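Trainee: Going by the working numbering, the sequence shown opens with residue 27, and the numbers climb by one from there.
Where a beta carbon is used, it is the ideal one built from N, C-alpha and C, also for glycine.
Bear in mind that the values here come from a model prediction, so they are computed numbers and not experimental data.
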Amino acid sequence: MNLSRILLATGSLAILAGCGKDPNDPGLEYAPQMYHAIAFEPFSQVADTSSEFYNTIKVNTGGQNMRKPASGTIARKQYSGMKKGELAKEIYQYGIPADSLEYAAKTLTNPIALSPAVLEEGKALYERFCKACHGEGGLGDGKVADQYKGVANLVAKAKVVSEGHIYHVITHGKGRMWPHGSLVNPDERWKIVHYVKTLGTTPQ
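1) By DSSP, does K169 sit in helix, in strand, or in coil?
2) Within this structure, are the beta carbons of L151 and V210 separated by less than 8 Å?
3) Using a Cβ-Cβ cutoff of less than 6 Å, which residues in the same chain neighbour W216 once the five nearest sequence positions on both sides are dropped?
4) Could you check whether L145 and G164 sit closer than 8 Å to each other, using their CB atoms as the reference points?
5) Which whole runs of the alpha helix (DSSP H) in the region 155-218 are 4 residues long or more, in chain order?
6) Below 8 Å between beta carbons: does that hold for H198 and P205?
7) On the CB-based measure, 16 or more other CB atoms within 10 Å of its CB, does V222 come out buried or exposed?
8) What are the boundary residues of the alpha helix (DSSP H) that L127 is part of?
Given below as structure tokens:
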């Protein structure tokens, strides 16, 4: 028997031997720790309790390792009874659409009482989210404005527009300003509104 026949016979035997195995058995794994971490993995799903890789915290059945959410928290994408995206809209925006600036300017009033603490928070938020474009004093001379023309002078604007106008623009954007509704929550927006209204009237 020549070498080619020996190899053919050996290969055939190997194939036949493999046919009797469980089709779902992946066979041997090289360095299985690279695929199944022994350390705790929050999303690992090793259900076999006899496995050395079974590290479930047994919160849920089926060997699921994901922890239950803290009491009172809501997963936005899985919020019961709401369509995808509705919860985020409820959290970050309000019922007035983007094209209704005039209506918002007339109807919205700041629900947060003005105080030194609120003003201080508003200033911190302004410096974090607004200063880069509008500048420290609100004159539209921030670093971004050097390249991104058309940044509003908030000192001048704040004298002629309402609080509702400013809030709506922060939420939905206007002109070259992008919406910030997903970056600052409603209370933070109103605190920024308070601070913007003081620009040009108090020392910065």
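Mentor: For this structure:
1) Walking along the sequence shown from the start, residue 169 turns up at place 143. If DSSP states are grouped into helix, strand and coil, K169 belongs with coil.
2) Position 125 of the sequence shown, counted from the start, is the residue given in the question as residue 151. Position 184 of the sequence shown, counted from the start, is the residue given in the question as residue 210. Yes.
3) Here residue 216 refers to the residue found at position 190 of the sequence shown. For W216, where only same-chain residues beyond five positions count, the Cβ hits under 6 Å are N136, I138.
4) The sequence position of residue 164 within the sequence shown is 138, counting from 1. The sequence position of residue 145 within the sequence shown is 119, counting from 1. Not in contact: G164 and L145 (Cβ atoms no closer than 8 Å).
5) Counting whole runs of 4 or more residues, the region 155-218 contains the alpha helix (DSSP H) stretches 157-160, 180-186, 189-198.
6) Locating residue 198 in the sequence shown gives position 172, counting from the first residue. Locating residue 205 in the sequence shown gives position 179, counting from the first residue. Yes.
7) Indexing the sequence shown from 1 puts residue 222 at position 196. By the 10 Å Cβ count, V222 comes out buried.
8) By one-based count along the sequence shown, residue 127 stands at place 101. Run containing L127: 127-133, per the alpha helix (DSSP H) assignment.
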